[in-house]
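Accompanying notes for the structure given below.
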Amino acid sequence: MARLTKKKKEARAKVEKNKLYSLQEASNLVKEVTYTKFDASVDIAVRLGVDPRKANQMVRGVVSLPHGTGKDMKVLALVTPDKEAEAKEAGADFVGLDEYLDKIKNGWTDVDVIITMPSIMGKLGPLGRVLGPRGLMPNPKTGTVTMDVAKAVSEVKAGKIDFKVDKTGIVHAPIGKASFSADKLADNAQELISTLIKLKPSTAKGSYVKSIFMSSTMSPSIAVDPKIN
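Number 215 in my numbering belongs to position 96 of the sequence shown; there are no gaps in the numbering.
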């Protein structure tokens with residue numbers, strides 16, 4: 120069992136057991152219990168009352184965080200030559216087609232998001248075994264398969280993220296960095312939670328938002344009251 124360091128003990132001592140914090144309180148506290156020397160990522164985990172095994176209870180969507188994620192998202196635009204200029208102008212880090220398809224085939228996935236066009240999806244199908252497990256396969260539902268490539272690239276660069284409930288019914292998503300103000304973290308978290316509530320499947324019964332936890336890299340988790348959001 121790993122030994123608790125002094126900083127870990129101090130951080131844990133600041134989080135009251137069995138207490139449900141408001142989003143604002145949790146956002147203030149997560150900054151206090153973050154002790155990394157680097158600018159830690161702040162994440163939120165929302166457990167939903169859905170059965171992801173049922174297609175009509177799969178929760179997936181996108182949200183534009185009002186204050187961004189604080190991370191410089193690396194975007195690959197797989198486009199035809201006539202779309203390359205607008206993709207580059209919008210801020211895509213990598214732009215092209217065949218050369219990048221070959222790189223992906225050989226295992227290259229050093230990007231955060233891939234944006235492409237409907238006509239190119241057929242070429243990406245065989246690469247599903249590489250892109251799928253990493254969550255990089257473009258999808259029309261998340262706006263990453265579109266003819267408006269410039270808009271899609273700009274939105275991702277500005278803080279648009281996609282999320283998907285995992286097999287245990289939990290949605291994990293980044294909401295910023297520890298250097299963000301508590302107000303900005305709370306705003307981003309509220310936007311994500313509000314979006315999830317709007318996506319509640321009609322077939323989901325009982326309590327929908329079961330629990331919410333906020334944490335930063337290596338920090339203890341902070342329980343957020345799901346009933347007040």
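Where is the CB? At the ideal position from N, CA and C, for every residue including glycine.
Residue closest to residue i, alpha-carbon to alpha-carbon, out of the options
i	options	result
S321	P237, V134, M177	M177
G226	G251, A206, T235	G251
I233	N258, D217, E218	N258
E151	K126, L255, M256, A164	K126
I163	D344, K346, M333, A342	M333
K224	F213, V249, K276	V249
E129	V149, G262, A301	V149
K156	S338, P185, V272	S338
N307	K173, V181, K133, R172	V181
V343	V165, P200, R131	V165
A301	T124, S146, K133, T314	S146
S238	G254, T263, K222, L255	T263
Y327	L311, P345, E310	P345
K202	Y154, T265, E144	T265
T188	L311, K319, A323, R253	L311
T228	R253, G241, T124, L142	R253
I331	A132, T124, S141	S141
Local conformation of residue i per DSSP, three classes
i	result
M120	Any reading at M120 must be qualified, since the residue scores a pLDDT of 42, below 50, and its modelled position is unreliable; the value itself is stated next. Note: M120 maps to coil in three-state DSSP.
T153	coil
D302	helix
A292	strand
A308	helix
A342	strand
K329	strand
E283	For the record, residue 283 in the displayed sequence is Lys; it is not Glu. Looking at K283 - three-state DSSP - the assignment turns out to be strand.
S74	Coverage of the chain is limited to positions 120 through 348, which leaves residue 74 absent and any answer about it impossible.
For residue j and residue i, believed in contact at Cβ under 8 Å, the rounded distance
i	j	result
V161	V275	Between V275 and V161 the Cβ distance is about 19 Å, and since that is not below 8 Å, they are no contact.
K190	P293	7 Å
K260	H186	That pair is no contact at about 24 Å.
A204	V272	Going by Cβ atoms, the distance from A204 to V272 rounds to 12 Å, so no, they are not a contact pair.
M256	D231	Their Cβ separation, rounded to whole angstroms, is 13 Å, which puts M256 and D231 out of contact at 8 Å.
V169	A323	5 Å
C-beta atoms of residue i and residue j nearer than 8 Å
i	j	result
L243	T235	yes
L184	I280	yes
K329	L167	yes
P171	V284	yes
A269	E208	yes
A297	S335	yes
V290	F282	yes
Min CB distance residue i to chain C below 8 Å
i	result
V284	Considering every chain present, this structure includes no chain C. It has just one protein chain.
Runs of 3 residues minimum, wholly inside the region 193-279: which ones carry the beta strand (DSSP E) assignment? The DSSP assignment places 194-197, 213-215, 232-235 as complete runs of the beta strand (DSSP E) inside the region 193-279, in order along the chain (cut-off: 3 residues).
Enumerate, from N- to C-terminal direction, the unbroken beta strand (DSSP E) stretches of 3 or more residues contained entirely within the region 157-184. 160-167, 179-183
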